[in-house]
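Residues in the sequence shown are numbered from 207 upward in steps of one, following the working numbering. Every residue, glycine too, gets a C-beta built ideally from N, C-alpha and C. In what follows, a single structure is set out as structure tokens and then discussed.
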Amino acid sequence: MENILREIRLAVLTGRVAFTLKAREEMGADNLMDVDVYQSLMNARTVRSKRSRSPKRVMDREKIHIIVAPSDSGARIYTKGLFRKQQEKAVFYILISSKRSTDTTERRKKKNG
């Protein structure tokens with residue numbers, strides 16, 4: 207786990223991070239900027255990893271990394287991403303990034319539309 211956090215932080219520091227359109231849309235809906243997500247990734251203490259089951263995955267054993275951590279402003283941000291090779295370098299692709307609600311009723315409202 208510590209190694210993957212180090213890899214994610216290194217990707218942020220060296221500019222090897224890319225956002226999917228879905229992540230951009232979610233960030234826009236929550237008024238998040240790239241810097242908020244970067245701060246959250248740098249502030250992370252833990253990461254949860256699991257094998258991707260997406261039909262869009264490139265490799266059979268692709269790992270998704272899930273991080274919930276605060277930005278410097280204190281907003282808790284949920285980020286899900288994975289590493290993929292791009293021109294011989296590992297790039298961390300952010301698939302989802304949004305504010306994490308601490309109010310369970312608010313979360314249910316968003317989920318149920």
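Tell me whether the beta-carbon of residue i lies closer than 8 Å to the beta-carbon of residue j.
i: Val243; j: Ile283; result: yes
i: Ile302; j: Val223; result: no
i: Ser255; j: Ile210; result: yes
i: Ile273; j: Val253; result: yes
Would residue i be called buried (16 or more neighbouring beta carbons within 10 Å of its own) or exposed?
i: Leu288; result: buried
i: Ala229; result: buried
i: Glu232; result: buried
Chain D beta carbons: is any one of them nearer than 8 Å to that of residue i?
i: Asp240; result: The structure shown has no chain D; it contains just one protein chain.
Whole angstroms is fine: what's the gap from residue i's alpha carbon to residue j's?
i: Ala281; j: Gln293; result: 34 Å
i: Ala235; j: Arg267; result: 31 Å
i: Ser258; j: Met239; result: 26 Å
i: Arg251; j: Lys295; result: 25 Å
If distances are taken between C-alpha atoms only, which option among the options comes closest to residue i?
i: Thr226; options: Ala250, Lys286, Ile214 and Arg267; result: Lys286
Within the continuous alpha helix (DSSP H) that includes residue i, where are the two ends?
i: Asp230; result: Reading off the sequence shown, one finds Arg at residue 230, where the question assumed Asp. Taken as a continuous stretch (DSSP letters only), the alpha helix (DSSP H) holding Arg230 covers Leu227 to Ala235.
Since residue i is in the beta strand (DSSP E), which residue starts that stretch and which ends it?
i: Gln292; result: Arg282 to Gln292
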